[in-house]
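In the working numbering, the protein residues as written are 4 to 163.
C-beta atoms are modelled at their ideal positions from N, C-alpha and C, and glycine is treated no differently.
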Amino acid sequence: MAVIKTNVIRILDKEKIPYECSTYEVKDGKMDGVAVAHKIGIEESKVFKTLIVQGKSKTCYVCVIPVSKELDFKKICTLTGEKNIDMLPLVDLQKTTGYIRGGCSPIGMKKLLKTFVDESATQLEKMTFSAGKVGVQVTLQPEVLKNLVEAEFVVLTYLN
């Protein structure tokens, strides 16, 4: 298979950041994070999804959480000082981030948004997330992602 160059991969190459790339089939329509983890053969706890939320102030925030977990909106409200936060409407995703649903990456958005990564990533040697295109995932060290997008490691999900 030919090497796929997404904006994320171009950024990582430019910064000389080591990473691994995985691809998966999308024709079956199963593109949720858990299905993707199984397709690429990586434990669900090591595969992350990128969610864009918007506060009442209209400020957008990036939340990177494990694919099998749910975002705790009360926690993100507390972290941001917003009174209310909802998912960014899908119609606004591409114009806000430059990405489409299923291919949203915390790296390479149109502009750098305040980014939070679930602290579970700090327990991992490597984490996997979208490379900015449906069907392509990138794997790198959590600390590298944190530094690249100026993220904070915080608790973002419900505790089980």
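- In the DSSP assignment, the residues bridged to Asp121 are Val157.
- Exposed is the label assigned to Ile103, since fewer than 16 other Cβ atoms lie within 10 Å of its Cβ.
- By DSSP's assignment, Cys66 forms a beta bridge with Leu54, Phe119.
- The continuous beta strand (DSSP E) containing Cys24 extends over residues 23-26.
- For Leu127, no alpha helix (DSSP H) segment is defined, and its DSSP state is neither H nor E.
- Looking only at Leu148, Val139, Leu74, the smallest Cα-Cα distance to Thr26 is reached by Val139.
- Contact check between the region 31-40 and the region 50-70: three or more CB pairs, one atom from each, fall below 8 Å, which counts as touching.
- Taking a 10 Å sphere around the C-beta of Ser133, we find 16 or more other C-beta atoms and assign the residue as buried.
- Secondary structure at Thr100: helix, using DSSP grouped into helix, strand and coil.
- The region 83-94 and the region 5-14 do not touch, with fewer than three beta-carbon pairs separated by less than 8 Å.
- In the three-state reduction of the DSSP assignment, Thr142 falls in the strand class, which pools E and B.
- Put simply, of Cys107, Leu116, Met112 the residue whose alpha carbon is nearest the alpha carbon of Lys136 is Cys107.
- Contact between Phe76 and Ile68 does not hold, since the beta-carbon distance rounds to 12 Å and is not under 8 Å.
- At the C-beta level, Thr131 and Lys72 stay beyond 8 Å of one another.
- In this chain, Ile20 is not harboured by any beta strand (DSSP E), its DSSP state being neither H nor E.
- Assignment of beta-bridge partners to Asp89 by DSSP yields Gln57.
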